[in-house]
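Let me begin by presenting the structure, written as structure tokens, before commenting on it.
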Amino acid sequence: MSLPATLDGPWRFGPVTVWRLPHVPGTRGEPQARVLLADQLGGSPQDLPLQRDPRGRPELHGPLAHIGTGWSHSHGLLLVGLGEGVRLGVDLEPLRPRPRMAEIIERFFHPTEVAWLLGLDEDARTHWFFRVWCAKEAILKAQGQGISFGLHRLQLAPAADGALHLAWCDPELGPAQRWHLHEWQAADDFRAALAWHAL
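Everything in the sequence shown is counted per the working numbering, starting at 29 for the first residue and increasing by one.
Dropping the structure here:
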């Protein structure tokens with residue numbers, strides 16, 4: 029599995045670029061994302077044709093409707109993704125203790141993932157838990173509903189090279205094979221994931 033050579037970004041995955049910015053905890057990500065997007069696309073942040081759909085998912089409109097974007101912020105970092113001809117979602121997760129990890133896995137994950145993850149030793153389970161959670165969030169942010177869609181409605185599995193891939197998903201997400209998934213270390217103590225599919 030190839031990972032970006034730098035922790036600083038920006039990172040390029042296929043048609044998508046992802047930037048990492050410092051972020052003030054407790055504040056919204058959109059104002060800062062607008063500044064970066066306007067810098068990349070032209071114009072002013074307040075005039076950017078960026079709106080939220082009925083589920084709250086950010087979308088560019090008008091002449092920029094063919095460009096996908098999304099962002100995620102947590103504990104002082106912000107990731108912003110931008111790509112032409114794609115629908116995308118990005119997620120950022122701090123690597124922190126989760127004392128009820130096994131309970132979360134049993135309650136929310138797909139049955140095949142439950143069997144896989146609970147069969148691992150604690151260190152391996154922790155490693156894969158954060159990767160799976162982050163990747164699921166990225167896919168579901170791209171889909172538009174976020175985790176309210178149901179984390180059990182998609183199943184992730186490691187490929188031979190150690191990269192996660194979408195093995196199965198609810199038909200509402202479309203064919204599993206259309207999804208592109210990229211994971212990396214966005215900082216020493218943060219996992220990141222990007223999911224996208226072509227429009």
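Heads up, the beta-carbon is just placed ideally off N, CA and C, and yes, glycines get one too.
Item	Value
Please state if the CB of C197 and the CB of L182 are separated by a distance shorter than 9 Å.	yes
Could you check how far apart the C-beta atoms of L194 and A204 are, in whole angstroms? I think they sit under 8 Å.	5 Å
Roughly how many angstroms lie between the CA atoms of G37 and R48, to the nearest whole one?	6 Å
Name the DSSP bridge partner or partners of R48?	L107
In angstroms with no decimal places, state the Cα-to-Cα distance between H231 and Q79.	As displayed, the chain neither begins before 29 nor continues past 227, which places residue 231 out of reach and without an answer.
If distances are taken between C-alpha atoms only, which option among F158, K164, P50 comes closest to S102?	P50
Which of the three DSSP states, helix, strand or coil, is assigned to G90?	helix
Distance, Cα to Cα, E121 vs G104?	11 Å
DSSP three-state label for L78, please.	strand
Under DSSP, the alpha helix (DSSP H) around I167 begins and ends at which residues?	150 to 171
Please name the residue or residues paired with P186 in a DSSP beta bridge.	L192
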